[in-house]
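2 protein chains.
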Amino acid sequence: MFEFRKPIPIGEAVSRIMANEVNGKTEYISINESNGRFLSEDLLATEDVPHFDRAPYDGFAVRSIDTALANRDNPIEFEVIDHIGAGAVSNKTVGPFQAVRIMTGAQMPENCDAVVMLELAQDFERDGKTFMSTKRMHKPGDNVSRRGEDAKKGEVLVNKGTKINPGIQAMLATFGYAKVPVAKKPRVGLFATGTELLGVDEPLEPGKIRNSNSYMISAQTERVGAEVEYFGTLPDDFDTCFEAVKAAIEKVDMLITTGGVSVGDFDYLPEIYAKLGAEVLFNKVSMRPGSVTTVAHYNGKILFGLSGNPSACYVGFELFARPVIRKMLFSPKPHLRKEQAVLTVDFPKANPFTRFVRSSLSFSNGKIVVAPSGLDKSNIVMSLAGANSLAILPGGTRGFKAGDEVEVLLLEDHEGSEWPW
Amino acid sequence: MFEFRKPIPIGEAVSRIMANEVNGKTEYISINESNGRFLSEDLLATEDVPHFDRAPYDGFAVRSIDTALANRDNPIEFEVIDHIGAGAVSNKTVGPFQAVRIMTGAQMPENCDAVVMLELAQDFERDGKTFMSTKRMHKPGDNVSRRGEDAKKGEVLVNKGTKINPGIQAMLATFGYAKVPVAKKPRVGLFATGTELLGVDEPLEPGKIRNSNSYMISAQTERVGAEVEYFGTLPDDFDTCFEAVKAAIEKVDMLITTGGVSVGDFDYLPEIYAKLGAEVLFNKVSMRPGSVTTVAHYNGKILFGLSGNPSACYVGFELFARPVIRKMLFSPKPHLRKEQAVLTVDFPKANPFTRFVRSSLSFSNGKIVVAPSGLDKSNIVMSLAGANSLAILPGGTRGFKAGDEVEVLLLEDHEGSEWPW
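Below you can see the structure in the form of structure tokens.
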């Protein structure tokens with residue numbers, strides 16, 4: 001009755017998952033909807049930026065050679081022959097000792113190669129004409145933004161797999177990407193199993209609890225960049241479960257179930273995987289929580305059998321499902337980002353398994369520090385709320401002390417790690 | 422013609438804005454849509470969790486007193502009188518040396534106060550009955566999760582103003598929050614000004630550039646947690662601009678314009694504010710970029726006149742508009758989070774103004790390090806793409822060297838600072 005499962009190391013478990021080929025798909029969406037999505041192609045400069053020599057300040061465009069003799073005691077006078085704002089182009093030809101009054105962002109008049117800033121010019125009227133004078137010598141290019149200075153046509157601006165942020169939105173607009181090539185959001189199917197589960201709007205009953213895992217996993221899935229198709233809870237009947245799982249797989253890119261993976265008497269997932277003919281990649285991992293996570297591969301899709309225990313479910317998703325999703329989002333670093341941090345509390349108890357402690361990472365005088373975000377019991381939802389990281393406490397015969405350096409995995413970061421194990 | 426404006430310190434500018442009363446509003450939304458929103462009320466435990474004594478492991482529920490004499494040489498036998506999974510409740514009365522086979526998450530039978538884990542039990546049949554034996558003495562409460570152990574009814578679980586994350590979603594579900602009280606997203610009106618602006622789908626023309634600021638500000642606004650109503654670009658005509666701005670204010674909680682705030686000849690915003698009768702809180706700040714930011718107050722709403730220069734616009738939004746939005750989202754720490762970091766490059770040039778350098782913050786051996794995310798020219802959109810922070814270089818007569826410690830403002834953090842200045 002008590003099935004023995006051989007646990008494998010975490011890195012090996014992740015390797016077995018990532019060895020399966022999964023590919024992202026591109027879709028073109030409006031720039032108005034692209035913020036927060038992931039680029040599926042390298043972003044190229046479609047033209048030089050700026051695409052003309054431009055004035056970066058308000059002032060007077062001149063031929064720098066005419067200022068050659070200007071100094072404190074020798075102001076040089078220029079006749080102001082035109083006046084242009086950003087967006088306008090002067091059609092005057094600027095000759096010796098002539099100037100065009102020019103506003104920030106405007107295109108430089110053809111013969112001009114320097115801008116005398118407003119603050120360094122004195123303007124005045126004489127004989128019904130407008131003049132300005134300056135006491136400053138200017139070199140060619142002074143106060144001019146040169147064509148192509150910011151970006152050259154054809155240049156790679158941002159690599160594919162990058163999450164689009166406000167700066168990238170600005171860049172997309174600048175280069176005329178009205179439609180943006182982004183990774184199609186992977187569709188993640190989700191079942192919650194367990195006869196103890198009540199709906200969020202149901203009153204409590206003896207022995208039962210409300211289903212919270214499906215809400216949690218949905219939010220985690222969204223955070224990573226995919227979308228969830230929630231298929232509801234599975235009933236306590238093998239045949240119904242089998243048919244439901246089989247049908248669901250067809251509709252999604254990967255399938256997550258929570259619960260039913262343990263060796264308990266009502267844990268059907270292992271049998272379902274067997275009847276499907278899915279290849280079980282592993283069914284036990286040497287880690288806490290989440291050791292009974294089972295992952296299988298079927299028909300080119302990965303099936304994640306996460307624990308029904310909220311904390312184990314949370315950690316299992318982040319370690320095993322996240323990298324597959326991010327790979328489909330073209331990320332070169334699909335895993336949780338790993339950094340070094342200093343523990344601020346003791347963990348006196350040793351544990352033979354590697355522990356992933358839901359933690360609150362913060363900074364103290366420029367250093368990363370980390371503390372558990374709640375009591376570290378695997379059934380406590382509370383500690384998940386404050387978690388922005390998972391502290392890794394390697395398995396062994398000793399505990400850990402405040403001041404020890406540990407590795408942490410960042411949950412809310414979008415850069416990731418190439419291979420943290 | 423050249424208007425003199427007296428710059429004020431950044432902290433003073435932010436103070437003047439925050440002195441105006443702005444209030445958030447609550448709305449109740451489905452838990453299915455609450456991920457990423459901000460709680461507008463403290464979240465209370467609506468009942469004890471767990472709400473019954475439960476088994477955290479698979480095993481046998483027993484009366485601990487019956488195990489008192491168990492040891493390696495003295496296994497104690499129990500008759501197994503029932504078998505329950507999670508969600509089920511045993512209606513048997515457990516007497517001396519009786520046990521109930523129980524699965525993880527199930528409610529403890531009435532008289533039982535300990536669980537013998539499967540691994541520490543030996544089960545067998547005798548005379549058509551099921552038995553188990555254990556060699557381990559158990560104390561009352563061993564392997565039992567007590568009612569209320571995770572949370573007590575009435576307890577504050579999460580404070581208002583917190584951004585809802587996957588862990589909080591799980592908590593909301595656990596406590597039956599089918600409808601969640603969240604801050605209504607502030608509506609931010611947005612105009613882009615400048616006759617040089619082309620649409621993202623228009624081909625380039627001499628002297629003109631594509632409008633990128635409205636896409637950038639929209640994405641920044643979304644990142645902070647508000648929503649944008651984009652009113653388009655403003656034409657180069659004072660009366661039309663005035664009427665458009667006046668009408669727009671009525672429809673939103675605050676109004677952002679980009680461009681038109683400088684002292685250039687086509688900068689109408691100051692005149693528009695004057696004609697409206699808006700109280701100008703400041704029109705120059707001693708900072709780079711963004712010194713010509715103008716902020717006004719009109720009819721209980723704040724009008725942000727951000728620079729048309731993309732970098733100045735970006736920084737102005739984060740320093741000035743963000744805290745107002747976050748205050749309306751009930752955040753007790755509405756400003757950008759400030760931390761210490763070590764510069765990894767030199768900034769040899771001194772600047773009399775405090776500079777906000779668009780930077781890429783990262784970690785090196787557990788320490789925060791920071792480097793500019795691109796060439797630090799105020800007209801360069803490129804450096805915004807890689808920016809996750811703003812390094813603060815205080816104004817003065819000296820430059821900065823790699824290894825110097827500086828303050829940084831985190832752009833993608835949701836915790837914030839109470840008052841960073």
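Which chain is which? The protein sequence lines are Z and V, in order.
Start counting the first sequence at 1; every next residue gets the next number (this note's numbering).
Start counting the second sequence at 422; every next residue gets the next number (this note's numbering).
For each residue, glycine too, the CB sits at the ideal point set by N, CA and C.
Since we're looking at a predicted model, the values are computed, not measured.
Item	Value
With a threshold of 8 Å on Cβ separation, who are the neighbours of residue 566 (chain V) within its own chain once the five nearest residues in sequence on each side are excluded?	471, 474, 475, 476, 477
Taking the alpha carbon of residue 546 (chain V) as the reference point, which residue from V:561, V:499, V:494 has its own alpha carbon closest?	V:499
Tell me the start and end of each unbroken beta strand (DSSP E) in the stretch 513 to 555 of chain V that is at least 3 residues and wholly inside, in chain order.	519 to 523, 535 to 538, 542 to 547, 550 to 555
Could you compute how far the alpha carbon of residue 736 (chain V) sits from the alpha carbon of residue 711 (chain V)?	7 Å
Let's test the definition: count the other Cβ atoms within 10 Å of the Cβ of residue 100 (chain Z) and tell me whether it reaches 16, buried, or not, exposed.	buried
According to the neighbour-count rule (16 or more other Cβ atoms, all chains shown, within 10 Å of its Cβ), is residue 485 (chain V) buried or exposed?	buried
Could you pull out every unbroken beta strand (DSSP E) segment of at least 3 residues lying fully inside the stretch 646 to 694 of chain V, listed in chain order?	648 to 655, 675 to 679
State the DSSP-derived secondary structure class of residue 170 (chain Z), mapped to helix, strand or coil.	helix
Quick check on residue 363 (chain Z) - is its C-beta less than 9 Å from some C-beta in chain V?	yes
Could you name the residues of the stretch 301 to 335 of chain Z whose beta carbon sits closer than 8 Å to any beta carbon of chain V, in the order they occur along the chain?	308, 309, 310, 314
Verify whether the separation of the beta carbon atoms of residue 395 (chain Z) and residue 358 (chain Z) is less than 9 Å.	no
Below 7 Å on C-beta distance, what does residue 473 (chain V) contact in chain Z?	206, 207
Please list, in chain order, all residues of the same chain as residue 726 (chain V) whose beta carbon is under 6 Å from its beta carbon, the five residues on each side excluded.	678, 682, 690, 715
Going by CA-CA distance only, name the one from V:650, V:774, V:767, V:697 that's closest to residue 709 (chain V).	V:774
Can you have a look at residue 656 (chain V) and say buried or exposed, based on whether 16 or more other CB atoms are within 10 angstroms of its CB?	exposed
So, for residue 142 (chain Z): in the same chain, excluding its five sequence neighbours on each side, which residues have a beta-carbon less than 6 Å away from its beta-carbon?	114
Residues of the stretch 392 to 407 of chain Z in Cβ contact with chain V at a cutoff of 8 Å, in chain order, please.	405
Can you list, in chain order, the residues of its chain with a C-beta nearer than 6 Å to that of residue 797 (chain V)? Leave out the 5 residues immediately preceding and following it.	Its pLDDT being 47, under 50, residue 797 (chain V) is placed unreliably by the model, and the measurement read from it follows with that caveat. Cβ within range, chain order: 778.
Is there contact here, the stretch 573 to 581 of chain V with the stretch 642 to 654 of chain V, by at least three beta-carbon pairs under 8 Å?	no
What did DSSP end up calling residue 149 (chain Z) once you bin it into helix, strand or coil?	coil
Please tell me whether residue 215 (chain Z) has its Cβ less than 9 Å away from any Cβ of chain V.	yes
Between residue 706 (chain V) and chain A, is there a C-beta pair that is closer than 9 Å?	In the structure shown, chain A cannot be found, because the protein chains are Z and V.
Could you pull the DSSP bridge partners for residue 708 (chain V) from this structure?	V:775
Looking at C-beta atoms only, is the number of pairs between the stretch 578 to 588 of chain V and the stretch 505 to 520 of chain V that lie closer than 8 Å three or more?	no
I believe residue 157 (chain Z) touches residue 44 (chain Z) by the beta-carbon criterion, under 8 Å. Please report the beta-carbon distance rounded to the nearest angstrom.	7 Å
Comparing the C-beta of residue 210 (chain Z) with each C-beta of chain V, is any distance below 9 Å?	yes
In the DSSP assignment, find the alpha helix (DSSP H) that holds residue 12 (chain Z) and state where it starts and stops.	10 to 18
Between residue 425 (chain V) and residue 694 (chain V), what straight-line distance do the alpha-carbon atoms span, to the nearest angstrom?	17 Å
Can you list, in chain order, the residues of its chain with a C-beta nearer than 8 Å to that of residue 29 (chain Z)? Leave out the 5 residues immediately preceding and following it.	37, 179, 180, 182
When you compare each of V:436, V:631, V:756, V:497 to residue 47 (chain Z) by their alpha carbons, which one comes out closest?	V:631
Name, please, each residue of chain V whose Cβ falls closer than 7 Å to the Cβ of residue 367 (chain Z).	787, 788
Could you check whether residue 189 (chain Z) and residue 248 (chain Z) sit closer than 9 Å to each other, using their CB atoms as the reference points?	yes
Quick one: which chain V residues come within Cβ less than 8 Å of residue 340 (chain Z)?	784, 786, 787
Kindly indicate which three-state DSSP category residue 383 (chain Z) falls into: helix, strand or coil?	helix
Closer than 9 Å, CB to CB, is residue 131 (chain Z) near chain V or not?	no
Hey, could you find the ends of the beta strand (DSSP E) residue 509 (chain V) is sitting in?	Here residue 509 (chain V) belongs to no beta strand (DSSP E), and DSSP marks it neither H nor E.
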